[in-house]
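Peer 1: Can you keep this structure in mind? I'll have questions shortly.
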Amino acid sequence: MGKNLTSRAEDYSKWYNELVVKADLAENSGVRGCMVIKPYGYAIWEKMQAELDRMFKLTGHENAYFPLFIPKSYFSKEASHVDGFAKECAVVTHYRLKNDEDGGIIVDPEAKLEEELIVRPTSETIIWDTYRKWIQSYRDLPIKINQWANVVRWEMRTRLFLRTAEFLWQEGHTAHATEQEAIEEANLMMRVYAEFAERFMAMPVIRGTKTESERFAGALETYCIEALMQDGKALQAGTSHFLGQNFAKAFDVKFASKEGNQEHVWATSWGVSTRLMGALVMTHSDDNGLVLPPKLAPIQVVIVPIYRGEEQLDAISQVAKELKRELQLLGVSVKYDDRDTHKPGWKFNEYELKGVPLRIAIGPRDLEKRTVELARRDTLSKEVVSKDAIVDRVQALLAEMQTALFDKALKFRDSHITEVETYDEFKDILENKTGFVSAFWDGTSETEEQIKNETKATIRCIPLDYKEESGTCVYSGKPASRRVLFAKAY
């Protein structure tokens, strides 16, 4: 099976699309803008989900589930929220089909809904309507709920995982008695996302806040983690929003405080989606296919027998199955591929394309010498290891690869953060070097908008660890008190 991937240098976007399809992660469906996530892609998502779910529960959150449909009237209650989502809502207007005279099917005009239903683009409105019934007193707080769900945002230009009309995600929604608690929650969830991205995805991220124009619709503050892809474009990998009392006021969610006063609660919401799958592909993969960090790889080790005839295969299988069992007992996921329908070379190609971290080949000569050949996916290097040492070596290598992938991505990211003083420098870096540009900004949305129109670069974030320093805005020349990170983004 030839990989024949377009190279990243030739056409990064085409490379990405081909890789997602050829590595069996996902494909386009019969529904415009929607994708089918294939078993191998879904297995990676399940590993992400399991880890995030564990982290959410450790930080005191519980899972629940809310309706897919949201009455249109709910949306009109929070003005900036409806403005933010109005252009991408799918709307249900009827509830029945019927046969027409020609034997075809039509929507029954008699079956019009009294009130249209929106297919959720996000669930703040339906959840806050529900919280009103759950919250009476300070004893009912905090409420810390997460839901794993699908959402629909009617996107016109779609790309597998990065932007689809329907996507999978989790959304957390919390209610608190004080402003301080809600801000701490929004911060905490940003840190959870950052830890997941770095420890599991091996993807370094910058923690920061969004500017007013890039904030979530209805939020007072949006905390974000921003990552850099290999083509030098930024990708927003997760967001956590401090919503203040906007939704509590819109849906009249009040509680009796300890002092007996009626007060509106303070809110947060936060989410990551299957977009992380796109981030994972673009952060580590190469021209040979996927490169997966061991912690998220559905198959961490594949064993391929090299043999002529049944007898050799039986002898190799005995060794392979024993090795598979030993590794599985240590929590390593192993596949033994003894299919006789494909040659070893084809299998090597296939697992390289699918990003399996380690490949073990065992042939008749290995049996004699009591050795195996071990190949690493990230560096494509091979070594011969004695059969007695292989289990330890596999464990050590999986840990080493997880770290190596992070270090490599970090080095790339750090070498693509460039401080500039002038607008000419700014444009030059964006065009020729790419990556994050660290520049002084005067704090106005006018400047932000003009830079975006002229260069397509947006302010990705105001880093949390920025230092107050005085300078002049790269665009307007007005005084500025801090640098922010600009980049072209997905």
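Sequential numbering of the sequence shown, starting at 162, is according to the working numbering.
Glycine is no exception: its CB is placed at the ideal position from the N, C-alpha and C atoms.
1. Mapping DSSP to helix, strand and coil, what is residue 202?
2. DSSP three-state label for residue 367, please.
3. In angstroms with no decimal places, state the Cα-to-Cα distance between residue 393 and residue 291.
4. If contact is defined by three or more beta carbon pairs under 8 Å, each pair taking one atom from either stretch, is the region 471-482 in contact with the region 409-419?
5. Ends of the alpha helix (DSSP H) at residue 505?
6. Are there 16 or more other CB atoms within 10 angstroms of the CB of residue 638, so buried, or fewer, so exposed?
7. Restricting to Cα atoms, I'd like to know which of 279, 626 and 413 is closest to residue 295.
8. Measure the alpha-carbon distance for residue 407 versus residue 611 and round it to whole angstroms.
9. Using a 10 Å radius around the Cβ and a threshold of 16 neighbouring Cβ atoms, would you call residue 172 buried or exposed?
10. Is the beta carbon of residue 366 sitting closer than 7 Å to the one on residue 343?
11. What does DSSP give as the partner residue(s) for residue 385 in the beta ladder?
12. Does the structure place the region 558-577 close enough to the region 629-636 that three or more beta carbon pairs sit under 8 Å?
13. So, helix, strand or coil for residue 374, using DSSP?
14. Output yes or no for whether 7 Å exceeds the beta carbon distance between residue 279 and residue 252.
15. If you reduce the DSSP assignment to three classes, tell me which class residue 287 lands in.
16. Grouping DSSP H, G and I as helix and E and B as strand, with all else coil, what is residue 331?
17. So, is residue 422 buried or exposed, given that buried needs 16 or more other C-beta atoms within 10 angstroms?
18. Could you have a look at residue 307 and say whether DSSP puts it in helix, strand or coil?
19. Please name the residue or residues paired with residue 579 in a DSSP beta bridge.
20. Suppose you measure from the CA of residue 162 to the CA of residue 277; what does that come to, to the nearest Å?
21. Hey, quick one: how far does the alpha helix (DSSP H) through residue 477 stretch, first residue to last?
22. For residue 269 and residue 255, which I take to be in contact (beta-carbon distance under 8 Å), what is that distance rounded to the nearest angstrom?
23. State the start and end residues of the unbroken beta strand (DSSP E) segment that holds residue 449.
24. Taking its Cβ as the centre, do 16 or more other Cβ atoms sit within 10 Å of residue 649, making it buried, or is it exposed?
25. Let me check one thing: in DSSP terms, what residues is residue 232 bridge-paired to?
26. Ordered along the chain, which non-local residues of its own chain (more than five positions away) have a Cβ less than 7 Å from that of residue 322?
Peer 2: In brief:
1. Translated into the one-based positions of the sequence shown, residue 202 becomes position 41. The answer is helix: DSSP assigns residue 202 an H, G or I state.
2. Reading the sequence shown from its first residue, position 206 is the one you call residue 367. It is a strand residue.
3. To locate residue 393, count along the sequence shown from 1; it is residue 232. To locate residue 291, count along the sequence shown from 1; it is residue 130. Cα to Cα, the separation comes out at about 43 Å.
4. Contact between the region 409-419 and the region 471-482 is absent, because fewer than three Cβ pairs lie under 8 Å.
5. Reading the sequence shown from its first residue, position 344 is the one you call residue 505. Segment 505-514, the alpha helix (DSSP H) holding residue 505.
6. Sequence index remark: in the sequence shown, residue 638 carries index 477 (1-based). It is exposed - the Cβ of residue 638 has fewer than 16 other Cβ atoms within 10 Å.
7. To locate residue 295, count along the sequence shown from 1; it is residue 134. Considering only alpha carbons, the answer is 413.
8. In the sequence shown, the residue the question calls residue 407 occupies position 246. In the sequence shown, the residue the question calls residue 611 occupies position 450. Between the alpha carbons of residue 407 and residue 611 lies a distance of about 29 Å.
9. As a first step, residue 172 must be located in the sequence shown, where it is residue number 11. Within 10 angstroms of the beta-carbon of residue 172 lie fewer than 16 other beta-carbons, which makes it exposed.
10. For this step, residue 366 is matched to residue 205 along the sequence shown. For this step, residue 343 is matched to residue 182 along the sequence shown. Their beta carbons are not under 7 Å apart, which means residue 366 does not touch residue 343 by this criterion.
11. Within the sequence shown, residue 385 is the residue found at index 224, counting from 1. The partner list for residue 385 (beta bridge, DSSP) reads 369 and 400.
12. Counting Cβ pairs under 8 Å, fewer than three are found: no touch.
13. Looking up residue 374 in the sequence shown gives position 213. Three-state result, residue 374: helix.
14. Locating residue 279 in the sequence shown gives position 118, where the first residue counts as 1. Locating residue 252 in the sequence shown gives position 91, where the first residue counts as 1. Going by beta carbons, residue 279 and residue 252 fall inside the 7 Å limit.
15. Within the sequence shown, numbered from 1, the residue matching residue 287 stands at position 126. Assignment of residue 287 by DSSP, reduced to helix, strand and coil, places it in the helix class.
16. Reading the sequence shown from its first residue, position 170 is the one you call residue 331. Annotated three-state conformation of residue 331 is strand, per DSSP.
17. The residue you call residue 422 lines up with position 261 of the sequence shown. So residue 422 counts as exposed.
18. Taking the first residue of the sequence shown as 1, we reach residue 307 at position 146. Judged by DSSP in its simplified three-state form, residue 307 adopts strand.
19. Locating residue 579 in the sequence shown gives position 418, where the first residue counts as 1. The partner list for residue 579 (beta bridge, DSSP) reads 598.
20. As a first step, residue 162 is located in the sequence shown; it is residue number 1 there, counting from the start. As a first step, residue 277 is located in the sequence shown; it is residue number 116 there, counting from the start. For residue 162, the pLDDT reaches just 46, beneath the cut-off of 50, and the residue's location in the model is therefore unreliable, although a value from the coordinates is still provided. Approximately 50 Å between the Cα atoms of the pair.
21. Against the sequence shown, residue 477 aligns to sequence position 316. According to the DSSP assignment, residue 477 belongs to the alpha helix (DSSP H) that extends over 470-490.
22. Residue mapping note: residue 269 aligns to position 108 of the sequence shown, counting from 1. Residue mapping note: residue 255 aligns to position 94 of the sequence shown, counting from 1. The beta-carbon separation of residue 269 and residue 255, rounded to 7 Å, stays under the 8 Å limit for a contact.
23. In the sequence shown, counting from the first residue as 1, residue 449 sits at position 288. Counting along the chain, residue 449 falls outside any beta strand (DSSP E), and DSSP gives it neither H nor E.
24. Position 488 of the sequence shown, counted from the start, is the residue given in the question as residue 649. Residue 649 is buried by the Cβ-count criterion.
25. Residue numbering aside, residue 232 sits at position 71 when the sequence shown is read from its first letter. 278, per the DSSP bridge assignment.
26. Start at 1 with the first residue of the sequence shown, and residue 322 comes out as number 161. So the qualifying residues of the chain are 181, 187, 435, 436, 438 and 439.
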